[in-house]
Amino acid sequence: MLSPVFVTRLRALVPAHCLLIEREDLVPFESDGLSAYRNTPDVVVLPETEDQVAAILGLCHAEGVAVVARGAGTGLAAGALPVDGAVLLVLAKLNRIKRIDPLARTAVVEPGVRNLAISEAAAQHGLYYAPDPSSQIACSIGGNVAENSGGVHCLKYGLTVHNVMALRAFTVDGQLLEIGGEAPDAAGYDLLALMTGSEGMLAVVTEVTVKLLPRPERAQVVLAAFDDVAKAGAAVGNIIAAGVIPAGLEMMDRLAIEAAEAFVHAGYPMVEALLLCEIDGVNEEVSDDIATVHAVLQASGATEIRTAEDEAQRLRFWAGRKAAFPAVGRLSPDYYCMDGTIPRKQLPHVLTRIAEMSAECGLRVANVFHAGDGNLHPLILFDANVPGELEKAEDFGGRILELCVEVGGTITGEHGVGVEKIRQMCSQFASPELARFHEVKAAFDPGRLLNPGKAVPELHRCAEWGRMHIHAGQMKHPELPRF
Numbered sequence: 004m005l006s007p008v009f010v011t012r013l014r015a016l017v018p019a020h021c022l023l024i025e026r027e028d029l030v031p032f033e034s035d036g037l038s039a040y041r042n043t044p045d046v047v048v049l050p051e052t053e054d055q056v057a058a059i060l061g062l063c064h065a066e067g068v069a070v071v072a073r074g075a076g077t078g079l080a081a082g083a084l085p086v087d088g089a090v091l092l093v094l095a096k097l098n099r100i101k102r103i104d105p106l107a108r109t110a111v112v113e114p115g116v117r118n119l120a121i122s123e124a125a126a127q128h129g130l131y132y133a134p135d136p137s138s139q140i141a142c143s144i145g146g147n148v149a150e151n152s153g154g155v156h157c158l159k160y161g162l163t164v165h166n167v168m169a170l171r172a173f174t175v176d177g178q179l180l181e182i183g184g185e186a187p188d189a190a191g192y193d194l195l196a197l198m199t200g201s202e203g204m205l206a207v208v209t210e211v212t213v214k215l216l217p218r219p220e221r222a223q224v225v226l227a228a229f230d231d232v233a234k235a236g237a238a239v240g241n242i243i244a245a246g247v248i249p250a251g252l253e254m255m256d257r258l259a260i261e262a263a264e265a266f267v268h269a270g271y272p273m274v275e276a277l278l279l280c281e282i283d284g285v286n287e288e289v290s291d292d293i294a295t296v297h298a299v300l301q302a303s304g305a306t307e308i309r310t311a312e313d314e315a316q317r318l319r320f321w322a323g324r325k326a327a328f329p330a331v332g333r334l335s336p337d338y339y340c341m342d343g344t345i346p347r348k349q350l351p352h353v354l355t356r357i358a359e360m361s362a363e364c365g366l367r368v369a370n371v372f373h374a375g376d377g378n379l380h381p382l383i384l385f386d387a388n389v390p391g392e393l394e395k396a397e398d399f400g401g402r403i404l405e406l407c408v409e410v411g412g413t414i415t416g417e418h419g420v421g422v423e424k425i426r427q428m429c430s431q432f433a434s435p436e437l438a439r440f441h442e443v444k445a446a447f448d449p450g451r452l453l454n455p456g457k458a459v460p461e462l463h464r465c466a467e468w469g470r471m472h473i474h475a476g477q478m479k480h481p482e483l484p485r486f
């Protein structure tokens with residue numbers, strides 16, 4: 004618990020309405036989107052200015068109090084899970100779009116700005132912000148930076164790290180860092196890339212400069228149906244091998260298709276697997292690539308191919324994919340959303356193994372993922388009210404992540420590690436690599452006060468986890484591994 008004296012000093016730094024200490028006010032912040040992990044924070048502070056952020060960090064550093072930064076709370080790896088004895092620093096009130104420069108094609112925004120709001124504000128200039136997570140209507144750009152978020156168009160336009168040009172951030176002791184800018188190729192360490200995806204462990208971001216892109220002259224979606232998931236997986240590699248780089252290349256299996264169609268009525272056929280392939284660019288280029296994609300899909304065994312006839316149908320095709328996560332929520336009381344990345348050539352094998360593991364453990368899986376870059380999002384369906392099902396879902400999810408590593412992939416693509424995947428870090432990385440991660444952490448945060456217990460495990464924890472099992476459902480106050 005935080006001392007009354009500390010809380011009084013914290014109260015002096017922000018307006019009264021920006022400090023929450025009553026239980027009924029704290030409970031909404033007890034988890035992020037991964038609600039299997041919950042912990043009620045001791046105190047929540049919502050600064051309204053950058054100066055307040057710096058002052059809060061300075062106070063916490065002086066008193067040795069840990070800080071967990073939080074954005075919109077849409078994360079899916081428990082990365083913003085409150086820690087006992089820490090301040091939960093919520094940046095939602097820093098939500099201004101400071102400026103848009105249509106000539107330089109940049110936008111300068113505060114971390115609480117919603118992802119989609121950037122594109123909405125830039126639309127009058129014929130520009131948009133490319134990374135588009137499924138939660139883009141709600142997720143904040145600060146959280147996107149923390150997790151290096153992607154989206155359905157990341158295949159062609161990259162993840163957050165490829166679309167952020169500069170950051171303003173504060174270290175744990177309240178010192179300002181200005182990273183990036185007009186000379187992204189300057190010599191030295193790539194601190195911009197290091198900060199992007201660092202999960203709030205190195206500094207607290209207060210301003211983000213993002214790259215804007217011109218709206219393409221034409222964008223068109225091809226929908227392809229398959230009678231076999233493995234065939235659809237193979238078609239993904241075949242499209243890339245043909246020299247086409249789609250703006251988006253997404254895949255859904257039957258369970259996900261049925262859920263999305265019942266929820267959105269996108270006009271999907273009821274088949275074993277569905278591919279959505281979007282081509283954008285100048286008119287002639289799109290026409291040529293659409294013809295190539297049609298030929299590849301036919302040769303790959305597609306049973307039906309449709310091309311969106313107008314913008315309304317294109318958006319309808321995407322609406323089903325964008326709504327897949329909430330749609331699957333109608334199929335089961337609970338689901339566990341995984342996030343792993345594999346080489347594209349391994350898609351058929353991995354999808355087959357996931358189906359086999361699903362049968363072995365008796366839990367259904369809806370597969371929805373960014374097929375173009377091999378970023379899987381299996382949704383494991385379970386009922387937390389049935390004894391043992393949460394544990395089974397967690398074990399199943401861990402096996403999927405370990406399978407990703409086995410075939411040359413990684414345990415996360417865009418959701419981060421947080422608490423959820425911290426044990427699988429021990430599977431992917433050897434002791435020397437984990438030691439380097441800790442050294443980087445210490446360079447920015449020697450007192451280990453920023454988001455403690457997340458993302459990088461202690462080496463002795465890896466050894467302990469080899470012989471013990473603690474699952475999220477049993478942890479009212481999770482015993483987080485400490486740095």
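Sequence positions in the sequence shown follow this note's numbering and run 4 to 486.
For every residue, glycine included, the Cβ atom is placed at its ideal position computed from N, Cα and C.
- As the crow flies, the alpha-carbon of LYS96 is around 16 Å from that of VAL71.
- For LEU226, the enclosing beta strand (DSSP E) covers residues 221-229.
- The Cβ atoms of GLY177 and ALA57 sit closer than 8 Å to each other.
- In the same chain as ALA238, and ignoring 5 residues on each side of it, the C-beta atoms closer than 8 Å to its own belong to ALA227, PHE229, LEU278, VAL299, LEU300, SER303, GLY304, ALA305, in chain order.
- Counting only the Cα atoms, ARG117 lies some 8 Å from ASN98.
- The bridge partners DSSP lists for ILE182 are LEU170.
- Bounds of the alpha helix (DSSP H) holding MET428 are 428-431.
- Non-local C-beta neighbours of ALA327 in its own chain, meaning closer than 6 Å and more than five positions away in sequence, comprise ALA259, ALA263, VAL371, ordered along the chain.
- Of HIS128, ARG319, ALA374, LEU393, the smallest CA-CA separation from SER38 is found for LEU393.
- As a beta-bridge residue in DSSP terms, TYR339 pairs with ILE383.
- Counting C-beta pairs closer than 8 Å gives three or more between the region 363-381 and the region 149-164, which meets the contact rule.
- Take the alpha-carbon of GLY61 and the one of ARG451: they are about 14 Å apart.
- By the Cβ criterion, the region 305-319 is not in contact with the region 247-256, since fewer than three pairs of Cβ atoms, one from each stretch, lie closer than 8 Å.
- In the DSSP secondary-structure assignment, MET255 is bridged to LEU277, VAL371.
- If you draw a straight line from the Cα of VAL408 to the Cα of GLY365, it is about 23 Å long.
- Shown here, ALA445 sits in a helix according to DSSP, grouped into three states.
- Secondary structure of ARG102 (DSSP, three-state): strand.
- In this chain, the beta strand (DSSP E) harbouring LEU91 covers 89-93.
- The count of Cβ pairs closer than 8 Å, one atom from the region 188-198 and one from the region 427-438, stays below three, leaving the stretches out of contact.
- The beta carbon of GLU66 is closer than 7 Å to those of PHE9 in its chain, skipping five residues each way along the sequence.
- Sequence-distant Cβ neighbours of GLN139 in its own chain, meaning closer than 6 Å and more than five residues away, are ASN118, LEU119.
- Looking from the CA of GLY76, the closest CA among VAL47, ASP292, ASP35, LEU205 belongs to ASP35.
- DSSP places GLU307 inside the beta strand (DSSP E), whose first and last residues are 307-310.
- Considered as a whole, the region 56-84 harbours 69-73 as its complete beta strand (DSSP E) runs of no fewer than 3 residues, in chain order.
- Residue environment: LYS101 is assigned as exposed (fewer than 16 neighbouring CB atoms within 10 Å of its CB, all protein chains considered).
- Here DSSP, grouped into helix, strand and coil, assigns LEU158 to helix.
- At a Cβ-Cβ threshold of 8 Å, MET4 and GLY88 count as neighbours.
- The bridge partners DSSP lists for GLU436 come to none.
- Counting along the chain, no beta strand (DSSP E) covers THR11; the unbroken alpha helix (DSSP H) around it starts and ends at 7-14.
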